[in-house]
Each structure stands twice: as C-alpha cells, then as structure tokens.
Amino acid sequence: MCSPHAGGVSDTLAGNFAAGLVDAGCPADCIALRDHPVIPCTGCAACARPPHACVFAPRDAAEWLFARFAEAPLVVLASPIFFYALPAHFKAWIDRGQRFWAALQGSQGPEPVSLPPRDKPVLALLAAGRPQGEELFSGALRTLRWFLPLLGAQLADSRCFRGLDRVEDVEKRPEDLKAMREWAHAWARRLPATQSRTGPQCP
Ligand SMILES: Cc1cc2nc3c(=O)[nH]c(=O)nc-3n(C[C@H](O)[C@H](O)[C@H](O)COP(=O)(O)O)c2cc1C
4 MCSPHAGGVS DTLAGNFAAG LVDAGCPADC IALRDHPVIP CTGCAACARP
54 PHACVFAPRD AAEWLFARFA EAPLVVLASP IFFYALPAHF KAWIDRGQRF
104 WAALQGSQGP EPVSLPPRDK PVLALLAAGR PQGEELFSGA LRTLRWFLPL
154 LGAQLADSRC FRGLDRVEDV EKRPEDLKAM REWAHAWARR LPATQSRTGP
204 QCP
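My numbering numbers the first residue of the sequence shown as 4 and each following residue consecutively.
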C-alpha cells in the first residue's frame, strides 16, 4: 500500500485484492509504505563503490522493505497517481533501488549491464481521480517497468482505475471489485502451493 493516505482508495483496492487471495487460501501480508521511513536518495554516489551499500541503510526501513519484497512470491503494489506520477514516499523507496543498479554496473565493468532473471511477478493497482487523460498512468507504469527488473522482478500485469477520488467512488463500482477478486483468485492458483501457504496473514 503505497499511498500516504491511510484507508484511502488504493488501500481499499489493495485490501480487496488481498481478500481475494485469502478467499483462495493464500495468505496475504499487507504493508503500508507510509509506516516505514525511507530517506530520499541524494545521489551521493557512495553506492557506486563496493560494497554498493547505501549510506542511509542503517537509519531507515528501505532495506527492510527490499527484503520483504524479495521474500514474497507475488508482490502487488497499490498506489494513487499524484501529478501523473507515483507519490513521493513511494518514489523515494524506488530511488533507493539505485544501489542495485550501481552493483550491477560495478560487477559488469564497461560492458552493457545485463539484468538478473525477472522471476518475480509484480502487479500494479493504480488509482487516479480524473476520469480522463490518455497518459494518466504512463509515467507510473514506466517507472515501475524500469525499477522492477533491478529486483529480479517484472510488471506482470496492472489494473488502472480512473475516476476514483474517494473510497465511496470505489464502493460504487462493485463490478470492478468483483473482477479484482477474481483476478486475485487466478493469481492465487498460479502460486506454488508451498509458497502460497506460508507467510503472515493480512490484518
Ligand atoms: C497531491 C495529489 C496529486 C494528485 N494528482 C492527480 C493527478 O495528476 N491525476 C489524477 O487523476 N488524480 C490525481 N490526484 C487524485 C488521486 O489520484 C486520487 O484521489 C486517488 O484515488 C487517491 O488515492 P489514495 O486515497 O489511495 O491516496 C491527486 C491527489 C493528490 C492528493
């Protein structure tokens, strides 16, 4: 849950998807990014040198969040659109992924960087207030497509919702909520049984 707004639209979408997983016997762990401090990258380039660590790592939750991401067999990122982009705190965490890029560059020398296998599926649930706008989600999706491969992941699918400004707007679209639950059921079936039965329950 990547919005600064607790209990808002994207939290509601995330909760609905998580409930769909749980219906299908697959535990879901919901993490609110806003509860975990992430210091924005300053571009100091310390991570360009071995051991490619971030100077802020001991002081915030960015590495803890990367570790949780790595553990999960499926990651769903639910976020609002703010000014045609991802919200600042979410982007701050993404920018901290620069250390992965720096490590790949450092290990591969002057050759073009080759990325690790993209084994982990990631889904995006994006919500925007405007009902129109051809490019409303383009920036956010492009950021995710470039960031996720650094974590050995890829954007496997997404659902982009327009015209959702308040939770009441979501409640007026039961067909979308139902379709999202069915989507969650389908993903639950694709997860290996050993993985889908481990991990903490969604609160
Ligand atoms: C700072 C800010 C910027 C926003 N920018 C846009 C925007 O560019 N386009 C849009 O359609 N909605 C925009 N919205 C509306 C949100 O995307 C919308 O209300 C969303 O449902 C909020 O989800 P949340 O409750 O999970 O935070 C913006 C809202 C805020 C607070």
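Ideal Cβ placement from N, Cα and C applies to all residues, glycine included.
Check, Outcome
"Residue nearest to residue 194 in terms of C-alpha spacing, selected from 6, 12, 31", "31"
"Every unbroken beta strand (DSSP E) inside the region 136-189 [3 residues or more]", "156-164"
"CB of residue 43 within 8 angstroms of CB of residue 95, strictly", "yes"
"Residue 29 burial status per 10 Å Cβ neighbour count (16 or more: buried)", "buried"
"Outcome for residue 247 when other beta-carbon atoms lying within 10 angstroms are tallied against a minimum of 16", "No information on residue 247 is available, as it lies outside the stretch 4 to 206 that the chain covers here."
"Those residues, in chain order, that have a beta-carbon closer than 5 angstroms to some heavy atom of ligand 1", "6, 8, 11, 12, 13, 83, 84, 85, 86, 87, 130, 131, 132, 133, 167, 168"
"Host beta strand (DSSP E) of residue 78 (start-end)", "78-83"
"Secondary structure of residue 51, DSSP reduced to three states", "helix"
"Three or more C-beta pairs below 8 angstroms linking the region 97-107 and the region 151-161", "yes"
"Nearest residue (CA-CA) to residue 164, options 183, 24, 148, 117", "183"
"Cα-Cα separation, residue 208 to residue 68", "With the chain represented from 4 up to 206, any question about residue 208 goes unanswered, as that position is not in the structure."
"Given residue 63 as reference, the closest of 191, 120, 38 once Cα atoms are compared", "38"
"Of the listed residues 76, 149, 138, 73, nearest to residue 86 (C-alpha basis)", "138"
"Status (buried if at least 16 other CB within 10 Å, exposed otherwise) for residue 47", "exposed"
"Range of the contiguous alpha helix (DSSP H) that encloses residue 208", "Nothing in the structure corresponds to residue 208, since the chain is present only between 4 and 206."
"Residue burial classification, residue 45 (beta-carbon count within 10 angstroms, cutoff 16)", "exposed"
"Test: residue 128 CB closer than 8 angstroms to a CB of chain B", "Any reference to chain B falls outside this structure, which holds one protein chain only."
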